Structure formats: C-alpha cells, structure tokens
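Same order as they appear, the protein sequences are chains W and U.
The first sequence maps to residues 7 to 201 in the working numbering.
The second sequence maps to residues 36 to 973 in the working numbering.
Where is the CB? At the ideal position from N, CA and C, for every residue including glycine.
These numbers come from a predicted model, not from an experiment.
Beneath this line is the structure, given in structure tokens, with notes to follow.
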Amino acid sequence: MTAEPTSPLAGWTDRLAALAPALIVAERPYRSQLTVRVSDPDAVAAMGSALGVAFPPVPCTFSAGSGPFGDVEVLWLGPDEFLVVAPPGLQTEIEEVLRGALGSHRGSVVDTSAQRTTVVLEGPHVRDVLAHGCSVDLHPSSAPTGTCVQTLLARTGIVLQVTGADTFTVLVRSSFAEYLAAWLSDACVEYGVAS
Amino acid sequence: MTFRKPTGGEIDRHTLLRFTFNGVEYTGHPGDTLASALLANGVHEIGSSVKLGRPRGIVAAGSEDPTSLVQIEAPFPEPMLLATTVELYDGLVARGLAGQGRLAPEPDPARYDAKHEHCDVLVVGAGPAGLVAALTAARSGARVVLLDEQNQAGGALLGVDEYLDDRPSAEWVGDIVAELRTTPGVLVLERTTAFGMYQDGFVLALQKRTDHLGFAAPAGVARQRVWRIRTKQTVLATGAHERPVVFADNDRPGIMLASSARTFLHRYGVLPGSRAVVFTTNDSAYCAAIDLAESGVDIALIADARPDAPARLATECAARGIEVRAGQVVTGTEGPGRVTAVSIGDTRIECDTLLVSGGWNPVVSLFSQARGKLRYDTELGAFVPGEELDTVRAAGSATGELDLNACARQGREAGSAAAAAAGFTPGGQVPLPVSDSRCTSRSGLVVWRVPGADDASFVDLQRDSTVADVLRATGAGLRSLEHIKRYTTIGTAHDQGKTSGMIAAGIVAEALGVELAEQRPTTFRPPYTSVSFAALAGRDRGELHDPVRVTAIHPWHVANGALFEDVGQWKRPWYYPKPGEDLHTAVLRECRATRESVGMMDGSTLGKIDVQGRDAGRFLDMLYTNMMSTLKVGRIRYGVMCGVDGMVIDDGTVIRVGEERYLVTTTTGNAAKILDWMEEWLQTEWPHLDVHCASVTEHWATIPLVGPRSRDVLAAVAPDLDVSNEAFEFMTWHDTHVAGVPARVCRISFSGELAYEINVTAWYGLAVWEALMAAGEKYGITPYGTETMHVLRAEKGYPIIGQETDATVTPQDLGMSWAVSKKKPDFIGKRSFARVENNRTDRKQLVGLLPVDPTVLLPEGSQIVETDRLPEPPVRMLGHVTSSYPSAALGRTFALALVRSGHERIGETLYVPYEDSLVPVTVTDSVLYDKEGARRDG
Chain W
7 MTAEPTSPLA GWTDRLAALA PALIVAERPY RSQLTVRVSD PDAVAAMGSA
57 LGVAFPPVPC TFSAGSGPFG DVEVLWLGPD EFLVVAPPGL QTEIEEVLRG
107 ALGSHRGSVV DTSAQRTTVV LEGPHVRDVL AHGCSVDLHP SSAPTGTCVQ
157 TLLARTGIVL QVTGADTFTV LVRSSFAEYL AAWLSDACVE YGVAS
Chain U
36 MTFRKPTGGE IDRHTLLRFT FNGVEYTGHP GDTLASALLA NGVHEIGSSV
86 KLGRPRGIVA AGSEDPTSLV QIEAPFPEPM LLATTVELYD GLVARGLAGQ
136 GRLAPEPDPA RYDAKHEHCD VLVVGAGPAG LVAALTAARS GARVVLLDEQ
186 NQAGGALLGV DEYLDDRPSA EWVGDIVAEL RTTPGVLVLE RTTAFGMYQD
236 GFVLALQKRT DHLGFAAPAG VARQRVWRIR TKQTVLATGA HERPVVFADN
286 DRPGIMLASS ARTFLHRYGV LPGSRAVVFT TNDSAYCAAI DLAESGVDIA
336 LIADARPDAP ARLATECAAR GIEVRAGQVV TGTEGPGRVT AVSIGDTRIE
386 CDTLLVSGGW NPVVSLFSQA RGKLRYDTEL GAFVPGEELD TVRAAGSATG
436 ELDLNACARQ GREAGSAAAA AAGFTPGGQV PLPVSDSRCT SRSGLVVWRV
486 PGADDASFVD LQRDSTVADV LRATGAGLRS LEHIKRYTTI GTAHDQGKTS
536 GMIAAGIVAE ALGVELAEQR PTTFRPPYTS VSFAALAGRD RGELHDPVRV
586 TAIHPWHVAN GALFEDVGQW KRPWYYPKPG EDLHTAVLRE CRATRESVGM
636 MDGSTLGKID VQGRDAGRFL DMLYTNMMST LKVGRIRYGV MCGVDGMVID
686 DGTVIRVGEE RYLVTTTTGN AAKILDWMEE WLQTEWPHLD VHCASVTEHW
736 ATIPLVGPRS RDVLAAVAPD LDVSNEAFEF MTWHDTHVAG VPARVCRISF
786 SGELAYEINV TAWYGLAVWE ALMAAGEKYG ITPYGTETMH VLRAEKGYPI
836 IGQETDATVT PQDLGMSWAV SKKKPDFIGK RSFARVENNR TDRKQLVGLL
886 PVDPTVLLPE GSQIVETDRL PEPPVRMLGH VTSSYPSAAL GRTFALALVR
936 SGHERIGETL YVPYEDSLVP VTVTDSVLYD KEGARRDG
C-alpha cells in the first residue's frame with residue numbers, strides 16, 4: 007500500500023480557480039525546497055555550480071536557471087540564508103549535493119519542502135490585491151522582476167517573488183495556506199468576484 | 036418655505052432625493068449634504084447638547100462643525116456622524132443626537148478594507164495650494180498621491196464665487212485635476228481624509244467610497260478604505276478653519292460661522308435664513324455678508340469689533356444698504372430655540388441668523404502629529420507651523436496665508452521642493468492664478484470672547500464647556516493647556532477642538548496673564564476626524580480576524596466530528612464526541628480505549644527545530660538543563676529549558692539525528708518563541724558557535740500512536756520495521772516506511788503507555804493517518820484530542836508548560852531534579868539554582884491531590900488551605916490546583932497542584948475552598964498511575 011500525498015490547498019482548487027479573471031491563482035504543490043545557511047563565498051559558489059544556478063548576490067532578489075535538477079530557483083532570505091526551490095521529488099538528492107558542496111564550511115542544509123506551499127498569482131489586478139495586505143512597495147520601479155522579499159500578506163508571513171510583469175509567486179507556511187486562500191478570495195470580491 | 040436659491044451651487048436640481056430627519060420627510064438634491072438639505076428646508080435645529088440639553092444647530096459647513104451630530108438609522112445604523120459631512124442620498128433616515136448615538140446591534144453587512152500605497156510626494160488637501168503643489172510634483176515625474184476630504188477638488192474655492200484668471204474657479208480646478216488624472220504615477224483620491232501622520236512618512240487616510248450611494252451602494256465594493264501610505268515627502272495643504280468668537284448664549288441654532296454660510300450659499304445654493312446679523316473681527320465676513328445680501332438675505336447689521344471698519348468694504352456695504360458699526364460686539368442672543376434676536380450693547384436686533392467670524396485657524400493637526408513645532412502668530416491669533424521639517428512642508432492657508440495667489444505660490448514652492456528632495460528635477464512650471472476676491476486682508480483683531488454670562492458662553496459646544504469652566508480650571512491653579520483640556524474636556528469631542536481649542540488657549544492666557552507665544556499648545560493626536568472601528572478592522576473580521584492554522588490532517592478531524600480547541604492560532608482537535616456524548620463521557624471513552632487498546636492523536640502542531648553544526652551538542656547543553664551532547668545517534672532524550680532566572684520556559688524531546696545534527700521539539704505554543712530564543716543566544720552571545728537552526732514544524736506531520744496495541748498497529752503499516760521491544764527500545768528512533776511513505780518513528784510516551792510517534796512529510800500526513808486508522812480498526816483504534824492527552828499525561832504527573840508552570844516554577848519544583856545536570860559547568864539558568872530563594876524548602880512544588888470524596892472535581896485554579904475551617908483573613912494560601920480531571924484509569928477524580936513544601940506534605944490532608952465548603956484532599960505523589968512504569972513497553 008502506498009499513501010497518496012495531499013497538498014495544503016488541495017481543497018481550494020475550485021475556489022481559487024473561480025477567482026479568475028480577477029486573479030489567476032494556482033497552487034504549485036510538492037516542490038523540493040531546501041533551507042540553506044551558508045556564508046563562505048567558496049561554498050556559495052560551489053553550491054551554485056552544483057545546481058547550475060548561481061546564488062543571488064544581491065539581497066531581496068532571487069536567481070533562476072536550469073541545471074542537473076531542472077529549473078531551479080535560489081531565493082535570498084537573509085544575509086546567510088537561502089531557499090533552494092526545485093521540481094518535486096528531488097529534495098533528497100539536492101540535499102546530498104548541497105551538503106557535499108558545503109564541505110567543511112560552516113552552514114546547514116535542511117529539507118523544508120513541506121514547510122511551505124507555493125501559490126502563483128497573476129493578472130492585471132495582482133498588485134492591487136497584494137497591496138490590500140502587503141506593505142512592501144510593489145511598483146515595478148521599486149520591485150522589478152527578480153525581487154524576493156520576506157514580508158507579511160495580511161496576517162501571515164510569506165516569501166514573495168516578483169516573477170514577471172504581472173506575475174508573483176507566494177510561498178506560505180503550510181498551516182497558513184488556507185488562511186491565505188480565504189484572504190485572497192475575499193480581497194478579490196472588490197475586483198468582481200462573487201463573495 | 037424653501038431657502039434654496041433657484042440657481043447656483045454644485046447640486047442637481049432636476050433630481051429629488053427623499054430623506055427623513057427627526058421623523059419628518061424632506062427632499063434635497065444630489066450634491067447636498069444632510070446639513071445643506073436641512074438648511075434648504077429651513078431646519079436649523081439638529082439635536083440637543085449632551086449635558087445641558089440646549090438646542091443645537093449647524094455651526095460650520097464641514098468636518099470642523101462642533102454640533103451637527105446625527106444618528107443614521109437607514110440604510111444601516113451608524114452613530115455620531117456630522118450632518119455637514121453626510122452626503123445626501125435617497126431614502127436616508129437620520130435623527131439629531133444629544134451627544135451620543137447607538138451602535139447597530141446586528142453585524143454591519145458592508146465591506147471595509149485597507150490598501151497600502153507608496154509615493155514620492157503626498158499632498159494633503161486639494162485646495163489651490165494643494166492642487167498646484169501636486170501638479171508641480173507630478174510634472175517632475177514623481178509618484179504623487181493627492182488626498183482631499185471633499186467629494187470634489189477645490190477646497191476653499193468651493194465655498195466662494197471667485198474668478199481665477201477671469202474664469203470661474205471651477206474651470207481652473209478642473210483643468211488641474213484633469214492633468215493630474217492623466218499623468219502616470221499620480222493617484223487622486225476624493226472623500227479621503229488623512230487622519231494620522233506618523234514617523235518615517237507613514238500616513239493613514241480614510242476614504243469613504245460608497246457612503247454617499249446609500250441604498251445603492253454596490254455590495255462587493257468596500258464601503259470605506261483605510262489607505263496606509265508611505266511617502267518620502269509630504270505637502271500639507273490642509274487649509275484653515277474659521278474661528279468663532281465666544282459670547283453669552285452663543286450656542287443657539289442659527290448662529291453660524293460666516294464663511295460656512297457663504298459655503299452653503301455658493302456650493303449648495305442654500306440661504307442660511309432671511310435676516311442676518313454679522314459679527315466679525317476681520318474682513319472675511321464682509322464677503323459673506325455682501326454675497327448673501329446679493330442673494331436676497333436681509334443683512335440687518337455688520338458689527339465689527341475693530342475700532343475702524345475697512346473703508347473699501349464698508350463702502351461696498353453702504354452701496355447695498357448694509358449698515359456697518361465699528362467697535363461693536365455681540366453681547367447676547369435670544370430665542371426659544373433658534374436665534375430670534377441679537378444684543379449688541381444696548382441695541383436689540385431681531386434676526387433669524389447670526390454670522391460670526393473671529394479670524395482663521397490654520398489646520399496644523401497633521402504638521403503637529405509629524406512632530407513639527409508650532410509657533411503662535413499674534414496677528415492671526417493662531418498657531419502656525421513654526422519650523423521646516425526635512426520631509427514635511429506646509430503650504431497655503433495651513434501656514435496662515437490667506438491670499439489665494441500667495442497660497443498657490445506656496446503650493447508651487449512646496450511641491451517643487453518636495454519633488455526635489457525626493458530626487459526629481461522640476462518639470463513645466465505651473466502658472467499661478469490671480470483671483471478677483473475682495474477679502475484677503477489679514478488685518479483682523481484677535482478677540483477670544485465678549486465678557487458676559489460666563490456660564491452661558493460656550494467654548495466647546497459639543498462638550499457643553501463654558502468660559503466659566505475654563506476660569507474654574509485656572510482658578511483651581513491649573514496652568515498647562517493639557518491639564519485644562521482634561522479638566523474641562525474642551526477639545527475632546529468628535530471634532531477634537533477644531534473650533535474651540537485655540538479659543539480655550541486664548542482665554543487661559545488672558546486669565547493667567549501670560550503671552551500665548553509662551554504657552555505650549557495641546558498635542559494634536561490622530562485621528563483628525565472620527566474613524567469607525569469597522570474601517571480600522573477592514574477585512575480582519577469573521578474567519579479572517581486572526582489566521583486559523585491547521586494541520587495536514589485537519590480535514591479528517593472536521594469530517595469525523597471533532598470539536599476544536601484554539602492553541603495559539605492552531606485549531607487542535609479537543610475531543611471527538613460520539614452522538615449523545617458530552618466532554619466528560621467522550622474523554623473517559625477516549626482515555627479508556629487508549630489505555631486498554633490503542634488511541635491516536637494529531638501531534639503535528641508540536642514545534643520542531645532542526646539544529647545543525649559542529650557545535651550543536653555544546654549549544655544544546657547550554658540551552659537545556661540536562662546533558663544533550665552525550666546522547667547517542669539514534670536516541671532520544673527529554674529535556675527542560677529554563678530562562679536565565681532558572682524558571683522553566685519549555686520542555687520537549689531531543690532526537691540525535693546525526694553526529695552534528697539534532698531535532699528538537701517544543702510545545703505547540705512556544706515553537707516560534709524557542710526558535711527566537713535560540714537565535715538570540717546564537718547571534719548575541721555565542722556567535723562563535725558553529726550552529727544553525729531551522730524551523731521544520733510544518734514540514735512534518737506527527738502522529739502519536741498510543742496504547743498496548745500500538746505495536747500491533749505499527750507493525751501492520753511498517754513492514755520494514757522490527758517493532759519488538761528489543762529492536763526498537765524506548766527513547767530511540769528509526770527511519771522506515773509507514774504506509775509506504777518514508778517515515779521517522781520515535782518511541783516516546785506522554786501517557787506512560789507503549790507509544791510511538793510517527794513523523795512523515797506533511798503532504799502524507801492525511802494518508803498515513805487514514806492508513807493507521809484502517810490498520811487499527813480491529814483493535815478499536817480511537818482518535819483522541821487534547822483533552823484526553825491532558826488527562827493521560829496528568830495521570831502520570833507529567834507537567835504541561837504554561838498549565839503547571841507560570842514562569843515562577845523551577846525544574847526542582849516540578850520534581851525534575853533528575854533533569855538538571857550536576858556535571859555541566861554551565862547552562863542557562865544554572866546560576867539561579869544556587870540562589871537562596873531557589874533552595875527554600877517551602878517553595879511551591881508539584882504534587883497530586885485526591886479529593887477524599889472521589890466524585891468531587893476540583894475547579895482548576897482553586898486555592899489550597901491548611902485547615903478545615905477558614906481562619907480570620909488574611910488566610911494563608913498554600914498553593915493552587917493546576918489540573919483537575921475525572922480519570923477512567925483511576926476510577927475517580929484527581930488533580931495536580933502546586934503546594935508549598937508539597938513534597939514534604941505527601942500523605943497530609945489539605946483543604947480546597949469550593950462553593951460554600953472546604954473540600955478535604957489527600958496530598959500524593961504527582962505520579963498517580965503505573966508508578967512502576969510497567970506499561971511503557973507494552
């Protein structure tokens with residue numbers, strides 16, 4: 007017998023789809039996520055080469071690219087803290103590879119894949135909806151594509167990535183995911199979605 | 036009789052709006068406020084005063100009005116709104132108030148929200164100065180936000196009939212607004228009041244978005260919005276309020292500020308009455324008098340307090356047959372309600388309206404909130420911005436300037452300077468308008484009050500506070516305006532003293548014989564105008580009031596009828612009642628099933644922290660009272676954490692995952708706090724340690740499987756795992772597969788029973804739970820909640836942090852000296868254990884209590900005393916009951932308690948006052964069930 011996984015927003019698929027066209031919202035579940043603490047430049051570079059994606063050199067940004075683990079993103083979360091995000095099912099291999107790259111340097115690698123789930127938001131109102139609950143300036147001049155910040159959306163902590171002109175990616179702690187979905191649904195009422 | 040002019044004003048005479056006020060039906064037009072519509076119908080009396088019950092009317096035309104408070108009854112009850120700021124809509128039902136309204140008993144069906152906005156230049160006020168400032172900043176390319184509390188831009192221009200550059204002022208305003216609206220990066224918000232200004236350019240504003248639509252307001256649109264604006268630079272073009280003069284019986288309906296009457300005339304086409312007396316100390320009221328006279332109001336007299344009337348304006352009045360008397364003041368009024376006559380010295384003049392002007396108060400509230408210093412302007416008789424701030428500039432009549440061209444110039448300079456300070460270079464210069472206005476002179480006389488009946492001379496009309504009250508305060512020795520404000524309550528009503536504060540300060544200065552320039556004005560505080568709690572709450576209500584955190588297994592709990600307990604923000608299953616069961620019967624069933632066969636709970640909320648690094652063991656040795664570095668890989672140890680004071684702050688298990696890696700668990704409520712605690716020590720005291728911590732609380736779903744048949748259930752779903760006692764010892768862990776899913780299984784027990792804790796990636800929590808339920812079916816596996824968990828652990832004397840402890844309890848008090856290392860050179864809290872206080876033998880210690888009557892359930896929190904009769908107070912309290920339950924295993928009730936010298940008292944009888952009696956209880960060891968630990972291995 008093999009158990010099937012359930013994602014934090016599995017029960018919200020239809021309700022989130024109903025927010026279109028005001029807001030196109032979709033969960034991207036089960037992605038591989040690893041919390042990395044590292045500050046040694048050699049170790050940072052080694053990890054980047056192992057993934058085929060250089061770690062973001064600038065605070066509040068993320069880098070993205072393709073390598074042996076497919077499309078990988080590396081999110082800057084703090085002065086020595088990063089989140090490596092990769093397609094589902096690769097967390098064990100990536101943990102091993104990153105640990106190898108870290109070598110004897112100070113740091114840590116932790117599988118946090120199920121700690122957060124990913125929600126992709128897009129549409130012409132996306133900045134408006136986010137501005138109802140997020141105090142960060144999301145104007146393109148202030149938060150261009152490639153921006154990545156840890157902040158609050160309403161009353162839940164999130165990691166927010168600006169991934170395109172009108173597209174954002176939100177990473178939210180799994181236990182807060184349904185709150186986030188309920189909040190997004192309510193915020194979309196202003197933009198023509200039935201309450 | 037109608038007081039509506041046939042033409043003029045920003046109203047739509049072709050559309051009739053029906054409304055009801057104080058039970059009478061009236062009509063008005065789109066563009067009206069409730070106040071203007073009432074005045075058009077000849078209604079001046081709005082309500083009565085809060086303390087004295089005196090009739091009160093409409094004093095001003097805007098948000099500075101001290102008196103026209105109304106209660107809206109329909110479409111939805113809303114208290115304490117000003118008739119002067121309620122835009123009229125069809126079907127409105129309202130009534131006047133005597134100072135207090137009533138909140139609706141039913142929930143407000145309207146939506147409210149908030150929005151964050153960021154800009155380079157924020158301009159508050161869309162009068163001439165604000166418009167020019169905003170356009171100047173916008174032309175430089177800056178991101179600009181322009182706020183105005185009215186439903187249309189124009190500010191003071193809305194209340195006059197001036198021509199700017201030889202065309203109606205509305206055209207000039209319209210052109211600027213049109214350019215602003217089409218400039219990218221500019222946001223213009225009407226009906227939006229900046230009500231709070233805070234540090235670092237943070238400004239709160241309330242936008243009334245659909246209030247004016249009444250019954251027609253669309254349901255999906257937030258009725259009001261709180262804008263949370265962060266700006267680099269701010270221009271305050273907040274204008275000025277006309278100031279009254281205080282005299283005897285100055286509170287009657289029909290007594291109105293002169294400029295407000297002019298506003299009602301020009302903006303709404305409404306006449307304030309038929310025959311008016313004007314009382315002024317400055318030029319501006321002359322314009323009101325002349326405009327009203329030209330509209331057909333009989334101006335009986337202008338009493339000018341100055342020794343000489345202004346020659347040019349006096350000539351214009353004479354040409355219209357208006358008598359002007361210089362050096363005269365109003366000394367009293369008459370009337371059953373509305374004013375019917377005015378006394379000027381010995382002269383008595385019949386009238387239905389008295390227009391008053393005592394000069395102008397610049398609106399400096401936001402400037403003061405921004406910590407700008409105010410300066411007293413002796414010529415103006417008012418406080419004005421007294422310094423330049425790096426990020427906040429005032430412009431226009433907010434600075435005391437009253438000439439339109441000069442106000443616009445200030446706006447242009449402020450807009451340009453603000454844009455430059457935000458890093459923008461000027462764009463095209465905005466031309467300054469030239470006005471045809473007659474009244475711009477500042478040559479006023481500062482008059483606070485006309486001597487007369489002090490107890491009928493009202494300073495704050497809303498608070499019913501009089502000159503007599505002010506003089507009583509100064510007579511009692513009060514000198515500070517802040518103290519006098521609180522003593523008299525002047526300036527504490529809905530209007531925050533917009534018309535009364537300055538006058539109160541002036542009367543105080545006169546009474547004390549001091550210069551106002553040396554007086555410190557009272558501090559202006561948010562909100563500038565009233566803001567409803569509903570607006571502040573926004574969408575944070577109902578299910579969104581506070582985040583509800585749920586585990587991966589939550590849907591199963593809901594589907595299976597669990598009742599939930601809130602633990603912090605988490606929803607945890609409390610118990611799973613079967614039909615007909617209450618809490619006690621359900622919990623007794625869950626406890627019995629678990630102790631006799633097998634039970635299972637969702638423990639996913641438990642805090643989990645990954646601790647990695649070469650110094651992880653050293654670090655944990657410092658955090659816990661017991662030794663962790665000696666733990667072998669594959670093993671688990673229970674540990675206690677103390678604060679620096681030696682008091683227990685948390686407990687949990689530590690799993691050694693690898694040579695340089697541990698997994699620490701915390702209590703549900705302390706997960707974030709303990710991670711912060713770890714980071715604080717690592718970052719501030721021990722940065723040399725090679726340790727990193729990461730929260731993995733939500734990465735794992737955690738399922739305790741508990742009871743003598745738990746081994747059988749686990750064996751059925753974990754075929755790779757040798758579950759025998761020899762292969763899988765107590766306090767060890769194994770990685771394996773459970774229901775085909777990679778799992779870490781720990782042998783930990785919080786009940787004394789044979790128990791396992793199954794950890795899987797949270798995605799698989801629900802499926803593994805269901806697999807365990809299926810595998811346990813033949814053993815009657817019983818899901819249980821937090822209540823049963825509490826009972827099971829209490830029977831074993833295991834404390835719960837926060838229930839048995841309250842930041843005054845040491846590990847020794849809990850009977851856990853065994854968990855406090857004697858070998859370690861140091862750990863957090865160690866030093867405190869040597870303190871005399873910590874070694875007293877009469878500390879409160881954890882014990883069990885068995886009521887002599889085994890059916891008596893002691894209330895948690897009960898006090899414990901020594902004697903079977905209460906002595907005279909004060910009665911010595913020995914401690915209190917921390918936990919109390921009926922127990923299926925013990926066949927009776929029991930309790931845990933913290934009791935003075937508790938460990939020495941085992942076997943004694945103590946007493947618990949309960950209802951009207953003293954309940955005898957026997958003190959026992961805290962472990963009440965299976966003292967030998969025989970059940971641990973199944």
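- Against chain W, a Cβ distance below 9 Å from L579 of chain U picks out A160, R161, Y185, A188, W189, D192.
- DSSP lists U:V699, U:S730 as the beta-bridge partner residues of I644 of chain U.
- For the region 38 to 51 of chain W, the beta-carbon criterion of a distance under 8 Å to any beta-carbon of chain U is satisfied by T41, R43.
- Scanning chain W for C-beta atoms nearer than 9 Å to the C-beta of V485 of chain U yields nothing, as the closest lies near 51 Å away.
- Closest option to D637 of chain U, judged by alpha-carbon separation, among U:E839, U:Y920, U:D680, U:I738: U:I738.
- A Cβ-Cβ contact shorter than 8 Å links V31 of chain W with L190 of chain W.
- 8 Å or more divides the Cβ of A829 of chain U from the Cβ of S730 of chain U.
- Contact check for S103 of chain U against A72 of chain U fails: the beta carbons are separated by 8 Å or more.
- Around the C-beta of Q445 of chain U, 16 or more other C-beta atoms lie within 10 Å, and the residue is accordingly described as buried.
- Counting C-beta pairs with one atom in each stretch, the region 32 to 49 of chain W and the region 13 to 23 of chain W have three or more that are closer than 8 Å, which means they touch.
- Here Y833 of chain U is buried: its Cβ has 16 or more other Cβ atoms, across all protein chains shown, within 10 Å.
- The beta carbon of D645 of chain U falls within 8 Å of a beta carbon belonging to chain W, placing the residue at that interface.
- When DSSP states are grouped into helix, strand and coil, H79 of chain U belongs to the coil group.
- Contact check for G92 of chain U against P279 of chain U fails: the beta carbons are separated by 8 Å or more.
- P906 of chain U carries a coil assignment under DSSP once its states are collapsed to helix, strand and coil.
- Rounded to the nearest angstrom, the gap between the Cα atoms of S98 of chain U and T119 of chain U is 7 Å.
- Between A736 of chain U and V795 of chain U, the C-beta spacing is below 8 Å.
- Taking a contact to require three or more Cβ pairs closer than 8 Å, the region 213 to 226 of chain U and the region 479 to 494 of chain U do not qualify as touching.
- Taking the Cα of L132 of chain U as reference, the smallest distance to any Cα among U:D888, U:D755, U:I81 is reached at U:I81.
- For T269 of chain U, the closest alpha carbon among the candidates U:E423, U:G190, U:R347 is that of U:E423.
- Just measuring C-alpha positions, the residue of W:S181, W:T151, W:I164 sitting nearest G170 of chain W is W:T151.
- Per the C-alpha coordinates, the member of U:D755, U:D757, U:T701, U:L740 positioned closest to T732 of chain U is U:T701.
- Straight-line spacing of the CA atoms in M53 of chain W and L104 of chain W works out to 6 Å.
- Residues are counted here when their Cβ sits less than 9 Å from a Cβ of chain W; for the region 116 to 150 of chain U these are R146, D148, A149, K150, given in chain order.
- Counting only Cβ-Cβ distances below 7 Å, P582 of chain U has contacts in chain W at R161, T162, F182, Y185, in chain order.
- If you compare the alpha carbons of U:S451, U:I690, U:V566 with that of V179 of chain U, the shortest gap goes to U:S451.
- Close to chain U, meaning a Cβ-Cβ distance shorter than 9 Å, are the following residues of the region 136 to 148 of chain W: L136, A137, H138, G139, C140, S141, V142, D143, L144, H145, S147, S148.
- Of U:Q497, U:G331, U:M635, U:M808, the smallest CA-CA separation from F785 of chain U is found for U:M635.
- Pairing I519 of chain U with T509 of chain U, the inter-Cα distance amounts to about 8 Å.
- Within the region 717 to 737 of chain U, the residues whose Cβ lies closer than 9 Å to any Cβ of chain W are, in chain order, D725, V726, H727, C728, A729, S730, V731, T732, E733, H734, W735, A736.
- With a threshold of 8 Å between beta carbons, E10 of chain W makes contact with chain U.
- The Cβ-Cβ distance between M663 of chain U and G678 of chain U does not fall below 8 Å.
- In this structure, the alpha-carbon of P27 of chain W lies about 28 Å from that of D581 of chain U.
- In the DSSP assignment, D192 of chain W falls within the unbroken alpha helix (DSSP H) covering 183 to 194.
- Here G198 of chain W has A28 as same chain residues with Cβ atoms under 6 Å from its own Cβ, once five neighbours each way along the sequence are excluded.
- The count of Cβ pairs closer than 8 Å, one atom from the region 612 to 621 of chain U and one from the region 561 to 576 of chain U, stays below three, leaving the stretches out of contact.
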